[in-house]
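Novice: Using mature numbering (1 follows the signal peptide of the UniProt record, and there is no 0), the letters of the sequence shown correspond one by one to residues -29 to -1, 1 to 225.
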Amino acid sequence: MRLIYRKITKIQKLVLVCTLLAYPPIPQAAEINIVTEPWPPNIYINEAGVISGPLTEKIIAIMASAKLSYSLNMYPWPRAYNYALSDKNVLIYPIFKTPERETLFHFICPLTKKVDLFFVKLASRRDIRINTLADAKKYRIGLIRDDYDHALLLQHGFKDGLQLDANTDDLSTLRKLIKGRIDLMMQSKKSLYDNLSSQKLDKSEIEFAYQLKDEHIAQNCIALSKQTPLSLVEQIRQAMNKINDAGPLIDINE
């Protein structure tokens, strides 16, 4: 609807001015836009509606040490990842550092100790046996699209639509596993137990079919979009190094 200003009366003008004054000024843009994904219990939205968890607490401490303003938003992993790929001054956490990603971001490592990853199956599926990574190619595997485990399995010859069933989040994948629509899913032990609890499922319903070997697991890091000025990258790097030096790394496997 268009406003024809010449017809606005003096009273209408006064109302308009008062209305505008009732709103606070728009704040300056944050220096860094932080994006993450749901990864309970490491990253989650608490009862107050605030993004929380040990990894988020560390990120907030890093930004405080770097004396940088920031925004913090949670998205499904594919959206967060694409945002960090395409926009400037974006920090994404956590993100595994792989050879394929090294040219796409400025990585700062490590954020945590290495993450233990497992192929997970229903306890009732006695027919599923995995002794090597290659054995898993016989099964349909659920995982998060564009996440580290997705890239890892593609690198080892697994195919989208054949062995791999890519989803937007862990809970969608877990529901497919419970319903028998996939044979396996990939997840860390701690996150799996948290997701089972959120769905009111018992641990006895699930078994760990295979643990990925250490050589398959990349460093868990933070990364900044390639368009981020190097001065900001270095500012954050120094802050994270300072925090890492001050105490033990977070162990999200415990």
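Using N, Cα and C, we set each Cβ at its ideal position, and we do this for glycine too.
Whole angstroms are fine: how far does the CA of Ile177 sit from the CA of Arg208?
Specialist: Working through the sequence shown from its first residue, we reach residue 208 at position 237. Working through the sequence shown from its first residue, we reach residue 177 at position 206. Arg208 and Ile177: Cα-Cα distance of roughly 39 Å.
Novice: So if DSSP puts Cys192 in a beta bridge, which residue, or which two residues, is it bridged to?
Specialist: On the sequence shown, position 221 is the one that residue 192 refers to. BP columns for Cys192 point to Ile66.
Novice: In three-state terms, what does DSSP make of Ala180?
Specialist: The residue labelled residue 180 in the question sits at position 209 within the sequence shown. Residue state, collapsed to three classes: strand.
Novice: Rounded to the nearest angstrom, what separates Asn102 and Tyr181 at their Cα positions?
Specialist: Here residue 102 refers to the residue found at position 131 when the sequence shown is read from its first residue. Here residue 181 refers to the residue found at position 210 when the sequence shown is read from its first residue. Whole-angstrom Cα-Cα distance: 7 Å.
Novice: From Ala194 to Asp87, what does the alpha carbon distance come to, in whole angstroms?
Specialist: As a first step, residue 194 is located in the sequence shown; it is residue number 223 there, counting from the start. As a first step, residue 87 is located in the sequence shown; it is residue number 116 there, counting from the start. If you take the alpha carbons of Ala194 and Asp87, they lie about 20 Å apart.
Novice: Enumerated in chain order, which unbroken segments of the beta strand (DSSP E) with a length of 3 residues or greater are wholly contained in the region 91 to 170?
Specialist: Correct list: 112 to 115, 135 to 138 and 155 to 158.
Novice: According to DSSP, is Val61 part of a helix, a strand, or is it coil?
Specialist: Taking the sequence shown and counting its residues from 1, the one referred to as residue 61 is at position 90. Strand, per DSSP.
Novice: Kindly confirm or deny that the region 67 to 78 and the region 184 to 191 touch, where touching means at least three C-beta pairs closer than 8 Å.
Specialist: Segments in contact, yes.
Novice: For Thr7, report the span of its beta strand (DSSP E) as first-last.
Specialist: Numbered from its first residue, the sequence shown carries residue 7 at position 36. First-last of the beta strand (DSSP E) with Thr7: Ile3 to Thr7.
Novice: Rank Asp216, Lys150 and Asp131 by C-alpha distance to the C-alpha of Lys92 and give the top, closest one.
Specialist: Stepping through the sequence shown from its first residue, residue 92 is reached at position 121. Closest by alpha carbon: Lys150.
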